[in-house]
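**Student:** One structure is given below, represented as structure tokens, and several questions about it will come after.
Residue numbers (full-length UniProt numbering): 1 to 202.
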């Protein structure tokens, strides 16, 4: 659970599951929660152990490919492969796909040479007033450079997007990265950062 690569895969769509949430739980308590929580990892709790097994197995295969074949699979690419495997399994079990395709664009544009790109994403729960932030860093060769997951207090969805960008900046400073591109999916926040227009948060 403490592996940056593993956390990056779990946080990628369509899972969006922040493993730092379970950092305070022992393993057995975490496993028991699969059968008590109505939704886990973004899916209905029905069949969760099998879903966890598929995800864990694919992460293990990716690890073996890196160690024994020197083949690196980016976390988002692996998450897409896992998504397809899960959908095939669900189709064969239930005759109809139970998972909807993720709404994100799969194409990722690398930053210029000597730059690091940090992709920042976030999800917000109005019930708990907390947000889950996910950061993934890659270089111009598309190589994975690190990942970070955080849970922070937040006021609303737009506030969460601002926090994601802010924590990406903090993280870049911690890593002593000065040539950095930060990418998010909230146009209002990005427009404010690029143009200085006000009223990002109303």
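Quick reminder that beta carbons are idealized off the backbone N, C-alpha and C, glycines included.
#1: For residue 149, is the classification buried or exposed, using 16 other Cβ atoms within 10 angstroms of its Cβ as the cut-off for buried?
#2: Distance, Cα to Cα, residue 126 vs residue 153?
#3: Excluding sequence positions up to five away, which residues of its chain have a Cβ less than 6 Å from the Cβ of residue 119?
#4: Over the uninterrupted beta strand (DSSP E) stretch that includes residue 139, give me the two end residues.
#5: By DSSP's criteria, residue 118 is part of a beta bridge. Which residues make up the other side?
#6: Using the C-alpha atoms, what's the distance from residue 67 back to residue 156?
#7: Expressed to the nearest angstrom, what Euclidean distance is found between the alpha-carbon atoms of residue 185 and residue 121?
#8: State the Cα-Cα distance for the pair residue 114 and residue 10, rounded to the nearest angstrom.
#9: Mark residue 171 as exposed unless 16 or more other C-beta atoms lie within 10 angstroms of its C-beta, in which case mark it buried.
#10: Excluding sequence positions up to five away, which residues of its chain have a Cβ less than 7 Å from the Cβ of residue 112?
#11: Checking 9 Å against the spacing of the C-beta atoms, do residue 147 and residue 8 come in under that value?
#12: Between residue 51 and residue 116, is the Cβ-Cβ spacing less than 9 Å?
#13: Is the separation between the beta-carbon of residue 143 and that of residue 83 shorter than 9 Å?
#14: Who are the near neighbours of residue 88 in its chain, counting only those whose CB is closer than 6 Å to its CB and skipping five residues on each side?
#15: Taking the alpha carbon of residue 79 as the reference point, which residue from 54, 69 and 3 has its own alpha carbon closest?
#16: Measure the alpha-carbon distance for residue 130 versus residue 166 and round it to whole angstroms.
#17: How would you write the range of the beta strand (DSSP E) that residue 145 sits in, first residue to last?
#18: Taking Cβ to Cβ, would you say residue 76 is nearer than 9 Å to residue 108?
#19: Please classify residue 56: does DSSP put it in a helix, a strand, or coil?
#20: If distances are taken between C-alpha atoms only, which option among 175, 69, 64 and 65 comes closest to residue 138?
#21: Quick check on DSSP: helix, strand or coil for residue 113?
**Tutor:** In this structure, then:
#1: buried
#2: 10 Å
#3: 136 and 183
#4: 130-139
#5: 137 and 182
#6: 42 Å
#7: 7 Å
#8: 28 Å
#9: buried
#10: 140
#11: yes
#12: no
#13: no
#14: none
#15: 54
#16: 16 Å
#17: 144-153
#18: yes
#19: helix
#20: 175
#21: coil
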